[in-house]
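**Q** Note that the protein sequences, when read in sequence, are chains A and B.
If you use the numbering used here, the first sequence corresponds to residues 649 to 930, in order.
If you use the numbering used here, the second sequence corresponds to residues 649 to 930, in order.
Before I ask anything, let me first share the structure, which is written out below as structure tokens.
There are 2 protein chains.
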Amino acid sequence: MTVPLDNPQPKLGIIAGGGALPARLAAAAKAAGRAVFVVKLDGHANDPLLENYPQTTVRLGAAAKILDAMRKQDCVDIVLAGKVSRPSFSAIRPDWRATKLLMKVGMKALGDDGLLRLVGQELEREGFRLVGAHEILPDLAVEEGVLGAVQPDEQALSDARHGLIVARTLGQADVGQGCVVQQGLVLALEAIEGTDEMVRRSALYKRDGVGGVLVKSAKPQQDRRLDLPAIGLKTVEESHKAGLRGIGLLAGGTMIIDRDAVLARADALGLFVVGLRADENQ
Amino acid sequence: MTVPLDNPQPKLGIIAGGGALPARLAAAAKAAGRAVFVVKLDGHANDPLLENYPQTTVRLGAAAKILDAMRKQDCVDIVLAGKVSRPSFSAIRPDWRATKLLMKVGMKALGDDGLLRLVGQELEREGFRLVGAHEILPDLAVEEGVLGAVQPDEQALSDARHGLIVARTLGQADVGQGCVVQQGLVLALEAIEGTDEMVRRSALYKRDGVGGVLVKSAKPQQDRRLDLPAIGLKTVEESHKAGLRGIGLLAGGTMIIDRDAVLARADALGLFVVGLRADENQ
Chain A
649 MTVPLDNPQP KLGIIAGGGA LPARLAAAAK AAGRAVFVVK LDGHANDPLL
699 ENYPQTTVRL GAAAKILDAM RKQDCVDIVL AGKVSRPSFS AIRPDWRATK
749 LLMKVGMKAL GDDGLLRLVG QELEREGFRL VGAHEILPDL AVEEGVLGAV
799 QPDEQALSDA RHGLIVARTL GQADVGQGCV VQQGLVLALE AIEGTDEMVR
849 RSALYKRDGV GGVLVKSAKP QQDRRLDLPA IGLKTVEESH KAGLRGIGLL
899 AGGTMIIDRD AVLARADALG LFVVGLRADE NQ
Chain B
649 MTVPLDNPQP KLGIIAGGGA LPARLAAAAK AAGRAVFVVK LDGHANDPLL
699 ENYPQTTVRL GAAAKILDAM RKQDCVDIVL AGKVSRPSFS AIRPDWRATK
749 LLMKVGMKAL GDDGLLRLVG QELEREGFRL VGAHEILPDL AVEEGVLGAV
799 QPDEQALSDA RHGLIVARTL GQADVGQGCV VQQGLVLALE AIEGTDEMVR
849 RSALYKRDGV GGVLVKSAKP QQDRRLDLPA IGLKTVEESH KAGLRGIGLL
899 AGGTMIIDRD AVLARADALG LFVVGLRADE NQ
């Protein structure tokens, strides 16, 4: 998306979950001279930096309120960003609009990503334009190849590739986005606990010999404009503590938050970070 | 396998991993008037009851020794039973025979079940006959339908069926055999940590409302004669402690160790146990 500087971009609506990404996007948009409005998802958005922007707080289940707020604020471009821990049906407390949506797709919506995909589709149906976080902050994107200074050896690359197959297979069932593989063994699979927790757990099951690899992937069917799996500084620290040797990321299907800092820290700790291409037949 | 009583069955070789199953099989075979010989896998077999039978202890990687022992003991029928925590390549310390095997299939053998499958294939190539544990102890087998006194409600059945799809999808990547699903959400996926540990973890992530379901499944490609996923009394106790409402098991692809005791305890705790048919298109 290239827009001449003398043609200011339209206001950006940010639907914000947890973690640092939503405020980063707000800052990047603002730095580019773009107005922003933030809808914080109640109980999920948790970055105090978001207080610096015009905003409101809405329940995840209050679909009508989210759409109304965005419309009232004249937001056409909308980005969804940040962690949303998957709620149970009863915790969503859907309003009439969300209920209608949920009825349409059934309980499948409560699968790992179903809810997000649903929100995205509904936004587009309502005339909004869904924008990917990497369109706002291009250095989030992961490209193929070794990204830091540390080179993975053959065993590590083999573990990373195996992990990518496992993570994408998981993704077929709309669950999980990560795993830890050591010498061909899958030490841990990520469900709802989050990447950091899974990485910590993997340390309990690690075998002798060279350490394992954390792999993160989008799901094969994942809309690239919706919240992609992301790693940040914490992921690098936890991976190091767990005795891992590096991190494999699906190129074009994952994000690095604070890329420069993340790669510098990985270099310092001796961890590799590699972007992996998905095999077409996976 | 029905054999007239006046035609005694041939000696049974038991390659024994951890847990109670190997000694149960030995007892059942002996009760049926059949001689047994046990090869305990070093570091895996851990049931003191195995001391009651003729036996030897061999490293998992010492394939030649395992074959030699079975041959010397005139065992033709062989059953593999019990937990074998997947070792790293370096921990296997393969002998020349195991190395030849591993070279043949490559590192894939170290996938979750690859090693077992390999041992099974090699046994048959060497003229042994691989026997399923349920052929020795028929009440291990899980049939379709509600097995205990507690009936699952519709939500629970929906969770169980969703869990079966997830577990079988996982199985395609030759990893994991279980998961916990609550109201459509996958709370935990089993990798190498074992079912009990995964069930305990799921309690940390449970949502409000009705509790979840533990699901265990064989892999789609799993040889039914090789060690199938099993539940026992401990699984029932842990599931209850974790707030689960029941257990779903792939019919024909999982085992219940101590069926009567397990179902009685599940009844007493109010947990359902249901055998699920795999959809053909899964």
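Each residue gets a CB set at the ideal place from its N, CA and C atoms; glycine is no exception.
Given the structure is predicted, the values throughout are model-derived calculations rather than measurements.
#1: Ordered along the chain, which non-local residues of its own chain (more than five positions away) have a Cβ less than 8 Å from that of Ala676 of chain A?
#2: The beta strand (DSSP E) that contains Ile662 of chain B, what's its start and end?
#3: What in chain B is Cβ-close to Ala866 of chain A, meaning under 9 Å?
#4: Closer than 7 Å, CB to CB, is Asn929 of chain A near chain B or not?
#5: Contact between the segment 810 to 827 of chain A and the segment 782 to 801 of chain A is defined here as three or more beta-carbon pairs at a separation below 8 Å; is this criterion met?
#6: Excluding the 5 residues preceding and the 5 following Arg719 of chain A in the sequence, name in chain order all residues of the same chain whose CB lies nearer than 7 Å to its CB.
#7: Are Gly811 of chain B and Val798 of chain B touching if we call contact CB-CB under 7 Å?
#8: Can you give the beta carbon distance from Ala729 of chain B to Ile662 of chain B, rounded, assuming they're within the 8 Å contact cut?
#9: Taking Glu841 of chain B as the query, report the chain A residues whose CB atoms sit under 8 Å from its CB, ordered along the chain.
#10: Helix, strand or coil for Gln657 of chain A? Go by DSSP, reduced to three states.
#11: Taking CB distances under 7 Å as the criterion, tell me whether Ala821 of chain B reaches chain A.
#12: Which chain B residues are close to Gly824 of chain A, counting only those with a beta carbon under 8 Å from its beta carbon?
#13: For the pair the segment 832 to 849 of chain A and the segment 882 to 895 of chain A, tell me if three or more CB-CB distances fall below 8 Å.
#14: DSSP state of Asp760 of chain A, grouped into three classes?
#15: Would the beta-carbon of Leu881 of chain A fall within 7 Å of that of Gly923 of chain A?
#16: Could you spell out the range, first to last residue, of the alpha helix (DSSP H) harbouring Thr843 of chain B?
#17: Hey, quick one: how far does the alpha helix (DSSP H) through Ile784 of chain B stretch, first residue to last?
#18: For Arg777 of chain A, which residues does DSSP report across the bridge?
#19: Which one of A:His692, A:Pro696, A:Lys659, A:Ala693 has the shortest CA to CA distance from Ala679 of chain A?
#20: Does the CB of Val732 of chain B have a neighbour CB from chain A at under 7 Å?
#21: Take Lys731 of chain A as the anchor and find which of A:Leu715, A:Asp722, A:Gly691 has the nearest alpha-carbon.
#22: I'd like to confirm the pairing. Which residues does DSSP put opposite Gln830 of chain B in its beta bridges?
#23: Mind checking whether Val861 of chain B and Ala808 of chain B have CB atoms under 7 Å apart?
#24: Report yes if the C-beta distance between Glu841 of chain B and Tyr853 of chain A is below 7 Å; otherwise report no.
#25: From the DSSP output, in three-state form, read off Thr902 of chain A for me.
#26: Give, in chain order, every residue of the segment 804 to 819 of chain A whose Cβ lies closer than 7 Å to some Cβ of chain B.
#27: Can you tell me which of the three DSSP states Asn929 of chain A falls into?
#28: Based on the DSSP output, what are the partners of Val858 of chain B in its beta bridges?
#29: Can you round the beta-carbon distance between Val727 of chain A and Ala683 of chain A to whole angstroms, since I take them to be within the 8 Å contact cut?
#30: On the criterion of 16 or more Cβ atoms from any shown chain inside 10 Å, does Ala909 of chain A qualify as buried, or is it exposed?
#31: Could you compute how far the alpha carbon of Leu768 of chain A sits from the alpha carbon of Leu715 of chain A?
#32: Please say whether Thr902 of chain B and Leu874 of chain B have beta carbons closer to each other than 7 Å?
#33: Would a check of beta-carbon distances place Gly666 of chain B closer than 7 Å to chain A?
#34: Around the C-beta of Gly857 of chain A, are 16 or more other C-beta atoms found within 10 angstroms, so that it is buried, or is it exposed?
**A** Taking the definition as stated:
#1: Excluding residues within five positions, the ones whose Cβ falls inside 8 Å are Ile784, Leu785.
#2: From DSSP, the beta strand (DSSP E) with Ile662 of chain B extends over 660 to 664.
#3: Those do not exist, as Ala866 of chain A stays about 16 Å from chain B at its closest Cβ, beyond 9 Å.
#4: Because Asn929 of chain A carries a pLDDT of 48, less than 50, the predicted location of this residue cannot be relied on, and the following value inherits that uncertainty. Asn929 of chain A does not count as touching chain B.
#5: With the rule of 3 Cβ pairs closer than 8 Å, the segment 810 to 827 of chain A does not count as touching the segment 782 to 801 of chain A.
#6: Excluding sequence neighbours, Arg719 of chain A sits near nothing in its chain.
#7: No, Cβ-Cβ distance for Gly811 of chain B and Val798 of chain B is not below 7 Å.
#8: Cβ-Cβ separation between Ala729 of chain B and Ile662 of chain B: approximately 6 Å, consistent with a contact (criterion under 8 Å).
#9: Per Cβ cutoff of 8 Å: Ala836, Arg849, Leu852, Tyr853.
#10: When DSSP states are grouped into helix, strand and coil, Gln657 of chain A belongs to the coil group.
#11: Interface residue, yes.
#12: Scanning chain B for C-beta atoms nearer than 8 Å to the C-beta of Gly824 of chain A yields Val834, Leu837, reported in chain order.
#13: With a cut-off of 8 Å, the segment 882 to 895 of chain A and the segment 832 to 849 of chain A count as touching, because enough Cβ pairs lie within range.
#14: Residue placement at Asp760 of chain A is poorly supported in this model, since its pLDDT is 49, which falls under 50; the coordinates still yield a value, given next. Coil at Asp760 of chain A, not helix or strand.
#15: Cβ atoms of Leu881 of chain A and Gly923 of chain A: not closer than 7 Å.
#16: First-last of the alpha helix (DSSP H) with Thr843 of chain B: 843 to 850.
#17: 781 to 784 is the span of the alpha helix (DSSP H), which, as asked, contains Ile784 of chain B.
#18: DSSP output for Arg777 of chain A lists A:Asp725 as bridge partner(s).
#19: Considering only alpha carbons, the answer is A:Lys659.
#20: Not a single CB atom of chain A sits nearer than 7 Å to the CB of Val732 of chain B.
#21: Each of A:Leu715, A:Asp722, A:Gly691 was checked against the Cα of Lys731 of chain A, and the nearest Cα belongs to A:Gly691.
#22: Looking at the DSSP output, Gln830 of chain B sits in a beta bridge with B:Leu833.
#23: The answer is yes: Cβ separation under 7 Å.
#24: Their beta carbons are under 7 Å apart, which means Glu841 of chain B touches Tyr853 of chain A by this criterion.
#25: Here Thr902 of chain A sits in coil by DSSP.
#26: From the segment 804 to 819 of chain A, only Ser806, Ile813, Val814, Thr817, Leu818 have a Cβ closer than 7 Å to chain B.
#27: Because Asn929 of chain A carries a pLDDT of 48, less than 50, the predicted location of this residue cannot be relied on, and the following value inherits that uncertainty. In this structure, DSSP gives Asn929 of chain A a state outside helix and strand, which the three-state scheme calls coil.
#28: DSSP lists no partner for Val858 of chain B.
#29: Between Ala683 of chain A and Val727 of chain A the Cβ distance is about 13 Å, and since that is not below 8 Å, they are no contact.
#30: Exposed.
#31: The amino acid occupying residue 768 of chain A in the given sequence is Gly; Leu does not appear at that position. Straight-line spacing of the CA atoms in Gly768 of chain A and Leu715 of chain A works out to 11 Å.
#32: In this structure, the beta-carbon distance from Leu874 of chain B to Thr902 of chain B does not fall below 7 Å.
#33: Cβ-Cβ to chain A under 7 Å: no for Gly666 of chain B.
#34: With fewer than 16 Cβ atoms within 10 Å of its Cβ, Gly857 of chain A is classed as exposed.
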